[in-house]
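>
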Amino acid sequence: MPEIPRRDFLKLITTTLLTACGLLGLDTVIRFLHSPTNSPPQTVFDIGAALEYPVGTRTLLPQIPVVLIHDENGFSALSLICSHLGCTVEKKADGFICPCHGSHFGENGKVLRGPAGKELRSLRVETTPDGQLHLFLN
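If you read the sequence shown in the numbering used here, its first letter stands for residue 924, the second for the next number, and so on.
(1) I need the boundaries of the alpha helix (DSSP H) containing K1014, first residue and last residue.
(2) In or out: S1026 buried (at least 16 other Cβ within 10 Å) or exposed?
(3) Any idea if G1032 is buried or exposed, counting beta-carbon neighbours within 10 angstroms, 16 or more meaning buried?
(4) Please state whether the Cβ-Cβ distance between G1018 and E1030 is less than 8 angstroms.
(5) Between the Cα of K1014 and the Cα atoms of H1007, S1045, D994, R981, which residue gives the shortest distance?
(6) Decide if F955 is buried, meaning its Cβ has at least 16 other Cβ atoms within 10 Å, or exposed.
(7) What is the DSSP secondary structure of V952, counted as helix, strand or coil?
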């Protein structure tokens, strides 16, 4: 077996290692590009029949999280996501309070005490022709 000079041996090892690293990197890029993408978050919710929510009620829907308001003017909704840092606010006797930083909001979502600077977001509610309610987060 012929003896390989040291320079050629180091060149061979370097080329082999760089090729292996390149193939591993290429494999990672290919798997990333072929990975399934996450579906976009749901922005429209069917929250049931309008008859389930009598006039004068305020219904907490914690799975969304919103409070659905049905008054003499129709349906409306308030997001229960604090405008400060995105925590879910909790219902209290005089409105809502953020458990993370203590912001207080009135029943109508207006800021009563900070650090939140914006009121709770109003959300659109529509009644379909068959009497179902759809809540829109955007």
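Backbone N, C-alpha and C define an ideal beta-carbon position, used for all residues, glycine too.
According to the structure shown:
(1) Note, K1014: premise wrong, no alpha helix (DSSP H); beta strand (DSSP E) at 1013-1015.
(2) buried
(3) buried
(4) yes
(5) R981
(6) exposed
(7) helix
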